[in-house]
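This report refers to the structure that appears directly beneath it.
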Amino acid sequence: MNGNTGASYKPGKISRFFLHVYHAFAFVMRFFREAFLPPFHFKEFIRQCYNIGYRSLPLISITGFITGLVFTKQSRPSLADFGATSWLPSLVSIAIVRALAPLVTALICAGKVGSNIGAELGSMKVTEQIDAMEVSAINPYKYLVITRVLATTLMLPLLMFYTAFVGMMGSYLDVHANEQTSFISFFESAFSSINFLDYWASIVKALVYGFTISMVGSYKGFHASNGTTGVGQAANSAVVTSMFLIFIEEIIIVQISNFLRGGA
Amino acid sequence: MHIPDNISKEEKVIVIEGLYKSFGENHVLRGVDLHLYRRENVVVLGRSGTGKSVLIKIIAGLLKPDEGHISVLGKDVENLSGEQLRQLRLKLGFSFQNSALYDSMTVRENLEFPLVQNFKHLKRAEINKAVEEVIDAVGLSQTINQMPAELSGGQRKRIGVARTLILRPEIMLYDEPTAGLDPITSIDINNLINEVQHRYHTSSIIITHDLTCAKSTGDRVAMLLDGIFVKQGSFDEVFASDDERIKSFYDYNFIHQ
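Chains A and B, in that order, are what the protein sequence lines are.
Using my numbering, the first residue of the first sequence is number 542, and each one after it goes up by one.
Using my numbering, the first residue of the second sequence is number 375, and each one after it goes up by one.
Next comes the structure, spelled out in structure tokens:
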């Protein structure tokens, strides 16, 4: 009897790449197959929402506020050349809602949440905690992956709105200090330039980014090997891969939303 | 082959026939045959890297064999659906080499986790009772609110065993239960394995390279060398063999202990 069936086949570099893509695709498809079937781990989902959403607030607050403030400061000289500083609230709100808030939130979360998921699941993988779950008749994919992916996907749009809000507050601070614009007229001017499609495009972006960050982190963690080195690699690779994918997705979504807006 | 009287010679709870498993060019298992009777403790002995852990991971459905047939409690493991495998796993206890306790949970949460997740209808009082019973069985009631990082190696092993016992398994799979423990703690763990067999009426496969563990826990010993079982029988029968590889394994253990 031959005991080498299949297992001794050593794929080449290109085959390994496609095998890797296939495994990643199967990992993602498993989410859609299992996410909406019982059992549901509601408590774990809430715990993850707290970890991912609430615990990201301090970092998001600082980065969002500084982004709004700095963007306003950098934009002022160019607008001042044309005597158009009154356009600052509109310019900033469009920039923040359409691009900066989703992107800054996603990049911060890729670094904080993505690496956390990669490291935590990677550590559980190499210490056989995931195997222990499996032999206890618990589906580790449902308990660990689906809860994290759903929580991140839900939390990212909320964090994105929060980033937009604190970013606008940063911008208002600068505008008020220079032009003595009132709070109401700043926000009236800011919101008048944003339309329904801007909000929806940003929500879609945040949902896609949240799904990407958590899925990549989970995939890297679930496939970690080589002890503690593997855990570090999983965390690092989760951040790098999700950031790369976020930029690719940004291009695609911007193209689609511009098409819907009737522009190029 | 001698089989002790308390073991049911009629009923085989695990049957393995012609099992092969390779990782790339490394042919770990090369045609393994093994069976486990009800209420029997079988020790699988062998050097590190001979595929002992791979064997029990295949039994638990964590790894897929390349070839061969495995039947656990009358079910063909390789042909089970996800739900059928889940139901089978409720009857299997797996004690990991490094205990595999959930780092983020206390001992109590570790113990109740399999119960809470598998039997959602259970009341808090029933869960608490089950937790107290298994933690008493391993003699570590005082650690109930501690984190796994605060436990010693021996305590972690015991809690690992308790976590599997909470589901009342029919079969226990022990992966290197005494690895990394001092001789006294190893004896405690060996006693615990025997106690579990008597108290919970389990059948067990114990993977080890520790001869003391093999002698004190095994009703039968199976010697795994180069991916196949070269000898099975009682401890004395196996080590009365003329096979030089078995003799050198025996000598090596005693010289290095």
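Just so you know, even glycine gets a beta-carbon here, dropped at the ideal spot from N, CA and C.
Inter-residue CB distance, residue i and residue j (contact presumed, cutoff 8 Å)
i: Arg573 (chain B); j: Ala511 (chain B); result: 7 Å
i: Trp628 (chain A); j: Leu641 (chain A); result: No, Trp628 (chain A) and Leu641 (chain A) are not in contact; Cβ-Cβ is about 17 Å, not under 8 Å.
i: Ser445 (chain B); j: Val505 (chain B); result: Actually they do not touch by this definition, with Cβ atoms about 33 Å apart.
i: Met633 (chain B); j: Gly467 (chain B); result: What is shown of chain B runs 375 to 631, which leaves residue 633 (chain B) out entirely.
i: Asn366 (chain B); j: Thr668 (chain A); result: As displayed, chain B neither begins before 375 nor continues past 631, which places residue 366 (chain B) out of reach and without an answer.
i: Val508 (chain B); j: Ile540 (chain B); result: 5 Å
i: Met701 (chain A); j: Ser743 (chain A); result: 6 Å
i: Phe785 (chain A); j: Thr694 (chain A); result: Contact flag wrong, Cβ pair sits at about 19 Å.
i: Lys666 (chain A); j: Gly553 (chain A); result: Actually they do not touch by this definition, with Cβ atoms about 26 Å apart.
i: Gly442 (chain B); j: Glu391 (chain B); result: 6 Å
i: Asp549 (chain B); j: Ile430 (chain B); result: 6 Å
i: Ala731 (chain A); j: Ser656 (chain A); result: The pair is not a contact, with the Cβ atoms about 34 Å apart (cut-off 8 Å).
i: Leu447 (chain B); j: Val490 (chain B); result: Not quite, the Cβ-Cβ distance comes to about 24 Å (not below 8 Å), so this is no contact.
i: Asn492 (chain B); j: Ile679 (chain A); result: 7 Å
i: Pro630 (chain A); j: Val707 (chain A); result: Not really, about 16 Å apart at Cβ, beyond 8 Å.
i: Arg649 (chain B); j: Asn519 (chain B); result: Outside the shown range of chain B, which is 375 to 631, sits residue 649 (chain B), and nothing can be said about it.
i: Leu697 (chain A); j: Tyr750 (chain A); result: 6 Å
i: Ala523 (chain B); j: Asp477 (chain B); result: 7 Å
i: Lys465 (chain B); j: Leu437 (chain B); result: With 8 Å as the limit, Lys465 (chain B) and Leu437 (chain B) do not qualify as a contact, their Cβ atoms being about 19 Å apart.
i: Leu644 (chain A); j: Ser712 (chain A); result: With 8 Å as the limit, Leu644 (chain A) and Ser712 (chain A) do not qualify as a contact, their Cβ atoms being about 16 Å apart.
i: Phe470 (chain B); j: Gly534 (chain B); result: 6 Å
Per DSSP, the bridge partner or partners of residue i
i: Gly467 (chain B); result: B:Met546
i: His495 (chain B); result: Answer is none; His495 (chain B) lacks a bridge partner.
i: Glu441 (chain B); result: B:Tyr394
i: Lys365 (chain B); result: This structure cannot settle anything about residue 365 (chain B), because the visible part of chain B is limited to 375 through 631.
i: Leu786 (chain A); result: According to DSSP, which records beta bridges pairwise, Leu786 (chain A) is partnered with nothing at all.
i: Met633 (chain B); result: An answer regarding residue 633 (chain B) cannot be provided, because it is not within the stretch 375 to 631 covered by chain B.
i: Thr582 (chain B); result: B:Leu419
Beta carbon proximity, residue i to chain D, threshold 7 Å
i: Arg404 (chain B); result: Reference to chain D is not applicable here, since the protein chains of this structure are A and B.
Against chain A, which members of the stretch 488-518 of chain B pass a CB distance test of less than 8 Å? Pro488, Gln491, Asn492 and Lys494
Please name the residues in the stretch 677-705 of chain A whose beta-carbon is closer than 9 Å to at least one beta-carbon of chain B, in chain order. Ser677, Ala678, Ile679, Asn680 and Tyr684
Any residues in the stretch 447-474 of chain B with a beta carbon nearer than 7 Å to a beta carbon of chain A? Which ones, in chain order? Arg460, Arg463, Leu464, Leu466, Phe468, Phe470, Asn472 and Ala474
Which residues of the stretch 416-435 of chain B have a Cβ closer than 9 Å to any Cβ of chain A? Give them in chain order. Lys431, Ala434 and Gly435
Suppose only complete runs of 4+ residues qualify. What are the alpha helix (DSSP H) ranges in the stretch 643-694 of chain A, listed by chain order? 656-667 and 670-676
Residue ranges of each alpha helix (DSSP H) run of no fewer than 4 residues wholly in the stretch 573-634 of chain A, ordered along the chain? 583-593 and 598-622
Between the stretch 704-736 of chain A and chain B, which residues of the former have a C-beta closer than 8 Å to a C-beta of the latter? none
Entirely within the stretch 380-422 of chain B and at least 3 residues each: give me those beta strand (DSSP E) ranges in chain order. 382-397, 400-412 and 415-419
Any chance you could list the beta strand (DSSP E) runs of at least 3 consecutive residues sitting entirely within the stretch 498-580 of chain B, in chain order? 545-549
With 9 Å as the C-beta to C-beta threshold (strictly closer), list the residues of the stretch 648-672 of chain A near chain B in chain order. Glu661, Ser664, Met665, Thr668, Glu669, Gln670, Ile671 and Asp672
Between the stretch 579-595 of chain B and the stretch 417-432 of chain B, do three or more beta carbon pairs fall short of 8 Å? yes
Closer than 7 Å between beta carbons: that is the criterion. Which residues of the stretch 545-574 of chain B meet it against chain A? none
With a cut-off of 8 Å, do at least 3 Cβ pairs link the stretch 563-575 of chain A to the stretch 593-604 of chain A? no
Between the stretch 721-729 of chain A and the stretch 659-676 of chain A, do at least 3 Cβ pairs fall closer than 8 Å? no
Quick check: the stretch 573-593 of chain A against the stretch 680-697 of chain A, are there 3 or more CB pairs under 8 Å? yes
Going along the chain, which residues of the stretch 574-601 of chain B sit with their C-beta nearer than 9 Å to a C-beta in chain A? Gly601
Within 8 Å, do at least three Cβ pairs link the stretch 560-570 of chain B to the stretch 402-409 of chain B? no
When you check each C-beta in the stretch 765-793 of chain A against every C-beta of chain B, which residues fall closer than 8 Å? none
Any chance you could list the alpha helix (DSSP H) runs of at least 4 consecutive residues sitting entirely within the stretch 699-744 of chain A, in chain order? 724-733
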